[in-house]
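Report on the structure given below.
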Amino acid sequence: MPEFQIDDLNPEQLRAASAGNGPVLAIAGAGTGKTKTLAARVAWLVSQGIDPSRIMLLTFTRRASDEMLRRASRAFGEAGSCLLGSIWGGTFHSVANRLLRTYGGAIGLDPNFTVLDQLDAEDLMDISLHNLDFSSKGKRFPRKQTCLSIYSRCVNSADPIHHTLAAFFPWCIEWEQELRRLFTSYTEAKQERHVLDYDDLLLYWFHLLGDETLARILNERFDHILVDEYQDTNRLQASILHRMRSLNRNLTVVGDDAQSIYSFRAAAIGNILNFPAEFPGTTVIALETNYRSTQPILDATNRIIELSPRRHAKELRSVKGEGPKPALITCEREEDQTDFVVEKVLEHNEHGLGLRRQAILVRTAYWSDHLEIELTRRNIPYRKYGGLKFLEAAHIKDLMSFLRVLENPRDQLALTRILRLLEGVGPAIAKRACEAVSEFGGDVAALKSITAPAPVEAELAKLANLISSLTMKGTSGGVALDIERIRSFYDPLVERLYENPDPRKRDLDQLEQISSAYSSRQLFLTELALDPPQSTSDLAGPPSKDDDWLTVSTIHSAKGCEWDVVYLIHASDGILPSDLATGDADQIEEERRLLYVACTRAKRYLYVLHPLRYYLKGRHSHSHLYSQLTRFIPHELKSCFQLDRRTRAVSEPQIAASLRVSDIQKSIRGIWE
DNA sequence: TGTAACTCCCCTCCG
DNA sequence: GGGAGTTACA
21 MPEFQIDDLN PEQLRAASAG NGPVLAIAGA GTGKTKTLAA RVAWLVSQGI
71 DPSRIMLLTF TRRASDEMLR RASRAFGEAG SCLLGSIWGG TFHSVANRLL
121 RTYGGAIGLD PNFTVLDQLD AEDLMDISLH NLDFSSKGKR FPRKQTCLSI
171 YSRCVNSADP IHHTLAAFFP WCIEWEQELR RLFTSYTEAK QERHVLDYDD
221 LLLYWFHLLG DETLARILNE RFDHILVDEY QDTNRLQASI LHRMRSLNRN
271 LTVVGDDAQS IYSFRAAAIG NILNFPAEFP GTTVIALETN YRSTQPILDA
321 TNRIIELSPR RHAKELRSVK GEGPKPALIT CEREEDQTDF VVEKVLEHNE
371 HGLGLRRQAI LVRTAYWSDH LEIELTRRNI PYRKYGGLKF LEAAHIKDLM
421 SFLRVLENPR DQLALTRILR LLEGVGPAIA KRACEAVSEF GGDVAALKSI
471 TAPAPVEAEL AKLANLISSL TMKGTSGGVA LDIERIRSFY DPLVERLYEN
521 PDPRKRDLDQ LEQISSAYSS RQLFLTELAL DPPQSTSDLA GPPSKDDDWL
571 TVSTIHSAKG CEWDVVYLIH ASDGILPSDL ATGDADQIEE ERRLLYVACT
621 RAKRYLYVLH PLRYYLKGRH SHSHLYSQLT RFIPHELKSC FQLDRRTRAV
671 SEPQIAASLR VSDIQKSIRG IWE
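Residues 21 to 693 in the working numbering are what the first sequence spells out, letter by letter.
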């Protein structure tokens with residue numbers, strides 16, 4: 021048995037960490053040491069002689085898994101990280117990927133499949149859509165994103181399409197038959213191209229376990245399965261766990277129903293609520309001692325979640341004791357909110373709470389735009405999590421497409437994208453070129469046989485030479501070298517295609533740099549699809565110790581994190597709850613849990629801000645909007661907060677003029693009247 | 001056949 | 001504010 025020193029745990033945490041075999045459910049309120057407990061359980065299992073390579077640890081993000089293993093390994097001192105390195109840790113999707121590459125061959129799956137990210141999947145959906153041509157009905161067919169989310173929700177919730185449409189996409193219900201045909205065609209398109217989308221990773225895993233032999237092998241392969249953030253798993257994921265544990269019942273799940281915020285991805289809160297019924301003999305342990313926040317913050321968050329009708333009742337108690345009441349700040353305008361936040365950030369910074377210990381949270385990524393401009397103007401370094409992904413930027417997708425073609429020449433999506441970059445190549449030539457390549461059995465030399473205007477033919481030949489020289493056996497010098505060679509071809513195109521080539525080239529530099537850490541193209545492509553960098557600066561590598569930056573994050577991306585100071589901005593009706601999520605009571609309840617998650621991130625200072633008045637251009641039809649405070653903090657809850665009101669101090673010179681605006685308007689009209 | 005300019009419509013949150 | 005579809009023109 022390895023040398024083992026467990027962190028100091030309280031009695032409830034210790035019970036969870038050292039529970040025996042069989043199903044275990046830990047209901048862990050916000051800040052109750054969930055990570056610590058799960059990490060301790062991993063360490064405890066290993067200390068009991070369980071082989072780490074026979075433990076599966078499923079987490080919500082890759083970061084969470086790394087953090088968990090880092091903490092678990094501490095229990096074993098210096099040998100820890102080496103000892104626990106063989107644990108199967110990661111998200112459901114990444115573990116599925118690993119299992120399918122190992123065991124997929126048994127059911128005839130090509131182990132060299134490519135993983136499609138959401139945008140690729142949408143594009144493929146679009147291709148199927150065009151091939152089917154549903155335009156005859158006169159009315160517009162749902163757009164590709166909508167089609168993909170309908171598809172994805174059906175798959176992940178295991179609900180029939182009719183029900184999914186009625187409940188979540190009622191405006192698409194008339195297209196039910198067409199959507200069925202589309203989904204069939206989309207599935208075939210994926211098979212032809214040897215690609216799997218995110219949902220396929222889970223689906224194939226689930227169906228792999230439908231084979232009796234494989235199910236037995238996989239049950240026996242893992243002595244223990246542990247799942248974090250169980251409240252955010254969906255029906256398909258729960259079914260996978262059922263099949264993974266049909267023979268061996270050792271399953272530990274941890275979560276908090278009050279923090280379930282992923283129903284848009286078909287998360288089923290019922291998974292955690294009904295776990296004891298679905299897994300008879302479950303040991304249930306509740307963690308209610310909060311180590312994160314001061315009592316006044318908990319008083320407020322307890323009251324907020326208390327208003328939720330369906331939940332496991334629990335009351336969090338703080339060990340941190342007293343502190344300032346959370347502040348509820350009414351701002352006249354968005355500018356006042358920005359001013360307040362920026363000034364407070366600097367104030368806390370001066371008093372010893374550095375930028376790293378502060379975070380600004382928003383419901384939706386773009387609502388931080390105004391604030392970000394001010395942070396930049398004042399030279400306050402920050403990192404943004406959530407919202408537009410690095411990998412969605414056009415130039416990154418371009419470069420990744422080159423790599424994907426090298427890896428899988430049948431990937432027509434990627435090939436088309438590259439072809440369209442060439443001057444003079446539109447949909448028609450790209451289509452012919454793609455067909456020629458696939459007729460040639462995936463040999464890009466076929467590009468040279470295309471008839472097109474001379475300059476286009478020359479470009480095609482150049483591209484063909486580049487690709488074949490990079491795919492030649494024995495020439496691969498690693499992904500970074502591939503990227504370097506691709507860029508000698510692609511960089512000039514960036515100049516022509518984009519107005520701002522320089523920042524884009526810097527992104528490409530970063531991509532090239534991180535790629536050097538990967539031993540193969542396939543690994544690089546898959547890892548980037550399954551664990552995309554959360555913010556651009558993620559790519560810059562671990563920052564040095566004295567770097568200090570403020571966090572700006574969506575509430576969703578803030579899950580599991582904590583800061584001394586938290587500012588929740590735009591807590592106004594229409595934004596939180598989002599006006600797009602007020603369709604039914606369940607959706608409103610999820611918005612309430614979002615507010616709860618946001619507020620429970622704070623350790624010592626919590627500021628909830630809501631501007632009263634918005635000036636909006638473009639995105640909304642009206643030019644301004646008067647908002648009220650979020651309905652989740654009704655009047656009777658205000659006693660939990662310290663109330664404040666902010667307006668920007670504008671000093672107007674007091675001059676008494678006799679001229680009125682109406683006079684000026686009159687004279688202006690005089691010009692043409 | 002490709003491209004630029006224009007219109008219309010819809011949008012959140014993420015692996 | 002941006003993606004997708006349409007139209008006019010090179």
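Glycine is no exception: its CB is placed at the ideal position from the N, C-alpha and C atoms. A quick note: this is a predicted structure, and the numbers were derived from the prediction, not measured.
In the displayed model, residue 581 falls within coil according to three-state DSSP, outside both helix and strand. In this chain, the alpha helix (DSSP H) harbouring residue 34 covers 31-37.
In the three-state reduction of the DSSP assignment, residue 245 falls in the strand class, which pools E and B. Counting C-beta pairs with one atom in each stretch, the region 571-589 and the region 611-625 have three or more that are closer than 8 Å, which means they touch. The DSSP-derived three-state label of residue 413 is coil.
DSSP, read as helix, strand or coil, puts residue 445 in coil. Collapsing the DSSP output to three states places residue 383 in coil. Non-local beta-carbon contacts of residue 115 in its own chain, meaning distances under 7 Å to residues more than five positions away in sequence, involve 76, 78 and 108 in chain order. Rounded to whole angstroms, residue 372 and residue 54 show a C-alpha spacing of 28 Å. Sequence-distant partners of residue 452 (beyond 5 residues in either direction) whose C-beta falls short of 7 Å from its own C-beta, in its chain, are 470. Contact check between the region 274-283 and the region 132-146: fewer than three CB pairs, one atom from each, fall below 8 Å, which does not count as touching.
Separation of residue 178 and residue 255 (C-alpha to C-alpha, rounded to the nearest whole angstrom) is 6 Å.
Taking a cut-off of 8 Å for Cβ pairs, the region 26-39 and the region 59-66 touch, as three or more such pairs fall below it. Contact annotation: residue 298 and residue 268 have beta-carbon atoms that are not nearer than 8 Å.
Three or more beta-carbon pairs drawn from the region 115-129 and the region 213-228 are found closer than 8 Å, and the two stretches are therefore classed as touching. Counting along the chain, residue 526 sits inside the alpha helix (DSSP H) bounded by residues 521-535. Rounded to the nearest whole angstrom, the C-alpha separation of residue 105 and residue 72 is 8 Å. A straight line joining the alpha-carbon of residue 318 with that of residue 338 spans about 7 Å. Nearest to residue 95 by alpha-carbon distance, out of 65, 651, 74 and 398, is 65. Here residue 400 has 362, 365, 366, 375 and 570 as same chain residues with Cβ atoms under 8 Å from its own Cβ, once five neighbours each way along the sequence are excluded. In this structure, residue 466 lies near residue 457, with their beta-carbon atoms less than 8 Å apart. Residue 248 and residue 74 do not touch by the CB rule: their CB atoms are close to 18 Å apart, not below 8 Å. Taking every protein chain shown into account, the CB of residue 520 has fewer than 16 other CB atoms within 10 angstroms, so this residue is exposed. The three-state secondary structure of residue 311, taken from DSSP, is coil. Between residue 273 and residue 45, the CB-CB gap stays under 8 Å. Measuring C-alpha to C-alpha distances from residue 460 to each of 443, 444, 442 and 484 identifies 484 as the nearest.
Per DSSP, the unbroken alpha helix (DSSP H) holding residue 225 starts and ends at 218-228.
Taking C-beta atoms under 8 Å as the contact rule, residue 596 and residue 506 fail to qualify, at a distance of about 43 Å. Under the three-state reduction of DSSP, residue 594 is assigned to strand.
Secondary structure remark: continuous alpha helix (DSSP H) runs of at least 4 residues inside the region 159-218, in chain order: 164-177, 181-188 and 196-213. The region 286-302 and the region 84-95 do not touch, with fewer than 3 CB-CB distances between them shorter than 8 Å. A residue is called buried once 16 or more other Cβ atoms fall within 10 Å of its Cβ, and residue 546 is buried on that count. Under the three-state reduction of DSSP output, residue 132 falls in the coil class, being neither helix nor strand. Looking at the DSSP output, residue 254 shares a beta bridge with 287. Collapsing the DSSP output to three states places residue 328 in coil. Residue 185 is not a Cβ neighbour of residue 198, given a cutoff of 8 Å.
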